[in-house]
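Participant: Would you mind keeping the following structure in view while I ask a few things?
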Amino acid sequence: MSGNTILRGGLATLILLLAGLGGCAIGHATGITTPRRDIAEQVALIRQHTTIELPADASAPVPAAILLHGCGGLRQVQPDYATALLEAGYGVITVDSNSARGIGRFAAMSQVCTALRLWGRERAADIEAALVLARENARIDDSRLALIGWSHGGWTVLDALDYAGEGRVPPGLAGVETPPLAGVRSAVLLYPYCGFPVRADGRTFPSDIAIHAILAGRDMVAPTGDCTRLFERADAAGHPVDHVTWPGITHAFDEPAAPPDPRMEYDADAAARARARIIDILDRDLRDQG
């Protein structure tokens, strides 16, 4: 086989790959590939893949946080935060969006983390479903809820906020009888992905949800510049985002079992500081609501 033949074959493969990526992006952006479900079906999708934990000594309905993992799925970081939140008196609702869709670790890394599958705007429907599960539980105060999203989970929260600011639920979701993000008072983003294809641009965030973010100064996975520009637009539109950038830390700085990726380094001190900061945020945003 000649070198020219091999070259032509390689170029053809590359063209087909790029065409597939482009088609995937168009499908997601237009909503053509977004699954259509009513809220009952969406709840059924995540119910068996959602864990609800409550403080052991809770004597009355407690405020709660909904945890949304990064693109790779649930990691040790979510239980670590859940433990801290439970000790502080908060309920915890952890949604495993990947497992609910049969997405294993390899598919997560090769498809979700590369934006071939499960964009934030689609996954945002999981938040509305998790809110239904919160309302079902009499030990949760569904008027005092928070969203906490890591990386892809942060993207998901951003897009959910964007839709809620427009007064509508995520695309493909039907039958929601409550206002979008009803009961949510606080949203916390940890090293969120803020670049394309994130839908949110900050200009239409809800005015009744306090938004906070912790960015990593050495983030080479989700560049902080994309987020700071988004937050500047939000500030200019009258929807301020309380955000800090901590120097010296990387993407997934709070994940003790980070993958073997030189762009991610665990920092135990920064992780403890982040957990403490989030509890302080929830104490301000949720405790005063009761």
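To convert, take the position in the sequence shown, counting from 1, and add 207; that gives my numbering. Virtual Cβ for every residue (Gly too), placed ideally from N, Cα, C. Since the structure is predicted, the reported quantities are computational estimates derived from the model, not experimental observations.
(1) Pick from Ala353, Pro386, Ala481: whose alpha carbon is nearest that of Ala394?
(2) Might you give, ordered along the chain, the residues of its own chain that have their beta carbon closer than 6 Å to the beta carbon of Ser304, omitting 5 neighbours on each side?
(3) Whether or not the segment 443-457 and the segment 378-387 are in contact is what I'm after, with contact meaning three or more pairs of Cβ atoms, one per stretch, closer than 8 Å; do they touch?
(4) Taking all protein chains shown into account, do 16 or more other C-beta atoms lie within 10 angstroms of the C-beta of Ala219, making it buried, or fewer, making it exposed?
(5) DSSP on Ala459, reduced to helix/strand/coil?
(6) Tell me, which residues are paired with Asp245 by DSSP?
(7) Curious, which full-length alpha helix (DSSP H) runs of at least 4 residues does the segment 270-303 contain?
(8) Would DSSP call Trp362 helix, strand or coil?
(9) How many angstroms separate the CA atom of Met316 from the CA atom of Gly374?
(10) When you compare only the Cα positions, how much space is there between Leu274 and Leu340?
(11) What does DSSP give as the partner residues of Val405 in its beta bridges?
(12) Drop a sphere of 10 angstroms on the beta-carbon of Val250, count the other beta-carbons inside from all chains shown, and report buried for 16 or more, exposed for fewer.
(13) Tell me whether Arg308 sits in a helix, a strand or coil according to DSSP, three-state version.
(14) Using only alpha-carbon positions, find the residue among Asp408, Val405, Ala371, Val448 that is nearest to Gly390.
(15) Please name the residue, chosen from Arg346, Arg436, Leu396, that lies closest to Tyr297 on a Cα-to-Cα basis.
(16) Please go through the same chain and pick out, in chain order, the residues whose beta-carbon is closer than 7 Å to the beta-carbon of Thr452, but skip the five residues on each side of it.
(17) So what's Leu257 in DSSP terms, helix, strand or just coil?
(18) Drop a sphere of 10 angstroms on the beta-carbon of Phe460, count the other beta-carbons inside from all chains shown, and report buried for 16 or more, exposed for fewer.
(19) Is the beta carbon of Leu365 sitting closer than 8 Å to the one on Val405?
(20) So, using beta-carbon positions, are Thr241 and Pro378 closer together than 8 Å?
(21) Can you name the start and end residues of the beta strand (DSSP E) that Leu493 belongs to?
(22) If you draw a straight line from the C-alpha of Gly402 to the C-alpha of Gly361, how long is it?
(23) Which residues bound the alpha helix (DSSP H) around Gly327?
(24) Can you tell me which of Ile416, Pro466, Glu472, Met471 puts its alpha carbon nearest to the alpha carbon of Gly185?
(25) Rounded to the nearest angstrom, how far is the Cβ of Ala291 from that of Ile486, given a contact under 8 Å?
(26) In this structure, how does DSSP classify Gly445 when only helix, strand and coil are distinguished?
(27) With burial defined as no fewer than 16 other Cβ atoms inside 10 Å of the residue's Cβ, what is the status of Arg328: buried or exposed?
(28) On the criterion of 16 or more Cβ atoms from any shown chain inside 10 Å, does Arg494 qualify as buried, or is it exposed?
(29) Please classify Ala367: does DSSP put it in a helix, a strand, or coil?
(30) Please say whether Arg244 and Ala464 have beta carbons closer to each other than 8 Å?
(31) Taking all protein chains shown into account, do 16 or more other C-beta atoms lie within 10 angstroms of the C-beta of Arg482, making it buried, or fewer, making it exposed?
Facilitator: Result, derived from the coordinates:
(1) As a first step, residue 394 must be located in the sequence shown, where it is residue number 187. Of the listed residues, the one whose Cα sits closest to Ala394 is Ala353.
(2) As a working mapping, residue 304 is identified with position 97 in the sequence shown. If we look at Ser304 and ignore the five residues flanking it on each side, its Cβ neighbours are Arg330, Asp333.
(3) no
(4) Within the sequence shown, numbered from 1, the residue matching residue 219 stands at position 12. Because the pLDDT at Ala219 is just 48, under 50, the model does not fix this residue reliably, and the value given afterwards should be weighed accordingly. It is exposed - the Cβ of Ala219 has fewer than 16 other Cβ atoms within 10 Å.
(5) As a working note, residue 459 is residue 252 in the sequence shown. Residue state, collapsed to three classes: coil.
(6) The sequence position of residue 245 within the sequence shown is 38, counting from 1. Paired residues: Ala381.
(7) 284-294
(8) Stepping through the sequence shown from its first residue, residue 362 is reached at position 155. Trp362: helix per DSSP, three-state reduction.
(9) Here residue 316 corresponds to residue number 109 of the sequence shown, with the count starting at 1. Here residue 374 corresponds to residue number 167 of the sequence shown, with the count starting at 1. Taking the Cα positions, Met316 is about 33 Å away from Gly374.
(10) Numbered from its first residue, the sequence shown carries residue 274 at position 67. Numbered from its first residue, the sequence shown carries residue 340 at position 133. Going by the C-alpha atoms only, they are around 13 Å apart.
(11) Counting from one through the sequence shown, the residue named residue 405 turns up at place 198. DSSP, once it has assigned bridges, lists no residue as partnering Val405.
(12) Taking the sequence shown and counting its residues from 1, the one referred to as residue 250 is at position 43. Label assigned to Val250: buried.
(13) Indexing the sequence shown from 1 puts residue 308 at position 101. Three-state DSSP puts Arg308 in coil, outside helix and strand.
(14) Residue mapping note: residue 390 aligns to position 183 of the sequence shown, counting from 1. Of the listed residues, the one whose Cα sits closest to Gly390 is Ala371.
(15) Along the sequence shown, one-based indexing puts residue 297 at 90. Considering only alpha carbons, the answer is Arg346.
(16) Against the sequence shown, residue 452 aligns to sequence position 245. Excluding positions up to five away in sequence, the list reads Leu422, Gly424, Thr431.
(17) Taking the sequence shown and counting its residues from 1, the one referred to as residue 257 is at position 50. For the record, residue 257 in the displayed sequence is Thr; it is not Leu. DSSP, reduced to helix, strand and coil, places Thr257 within a strand of the structure shown.
(18) To locate residue 460, count along the sequence shown from 1; it is residue 253. In summary, Phe460 is buried, with 16 or more beta-carbon neighbours lying within 10 Å of its beta-carbon over all protein chains present.
(19) On the sequence shown, residue 365 is found 158 positions in, with the first residue counted as 1. On the sequence shown, residue 405 is found 198 positions in, with the first residue counted as 1. Cβ atoms of Leu365 and Val405: closer than 8 Å.
(20) Working through the sequence shown from its first residue, we reach residue 241 at position 34. Working through the sequence shown from its first residue, we reach residue 378 at position 171. Contact flag set, yes.
(21) By 1-based counting over the sequence shown, the position of residue 493 is 286. Per DSSP, Leu493 belongs to no beta strand (DSSP E) and is neither H nor E.
(22) Along the sequence shown, read from residue 1 onward, the residue named residue 402 stands at position 195. Along the sequence shown, read from residue 1 onward, the residue named residue 361 stands at position 154. Roughly 12 Å between the two C-alpha positions.
(23) By 1-based counting over the sequence shown, the position of residue 327 is 120. Unbroken alpha helix (DSSP H) run through Gly327: 327-343.
(24) There is no way to answer for residue 185, as the model of the chain reaches only from 208 to 497.
(25) Residue numbering aside, residue 291 sits at position 84 when the sequence shown is read from its first letter. Residue numbering aside, residue 486 sits at position 279 when the sequence shown is read from its first letter. Yes, they are in contact, since the Cβ atoms of Ala291 and Ile486 sit about 6 Å apart, within 8 Å.
(26) Locating residue 445 in the sequence shown gives position 238, counting from the first residue. Residue state, collapsed to three classes: coil.
(27) Position 121 of the sequence shown, counted from the start, is the residue given in the question as residue 328. That one is buried.
(28) Reading the sequence shown from its first residue, position 287 is the one you call residue 494. Exposed: under 16 other Cβ atoms inside 10 Å.
(29) In the sequence shown, counting from the first residue as 1, residue 367 sits at position 160. Three-state DSSP puts Ala367 in a helix.
(30) As a working mapping, residue 464 is identified with position 257 in the sequence shown. As a working mapping, residue 244 is identified with position 37 in the sequence shown. Inclusion of Ala464 and Arg244 in the CB contact set at 8 Å is not warranted, their separation being larger than that value.
(31) The count along the sequence shown starts at 1 and reaches residue 482 at position 275. By the 10 Å Cβ count, Arg482 comes out buried.
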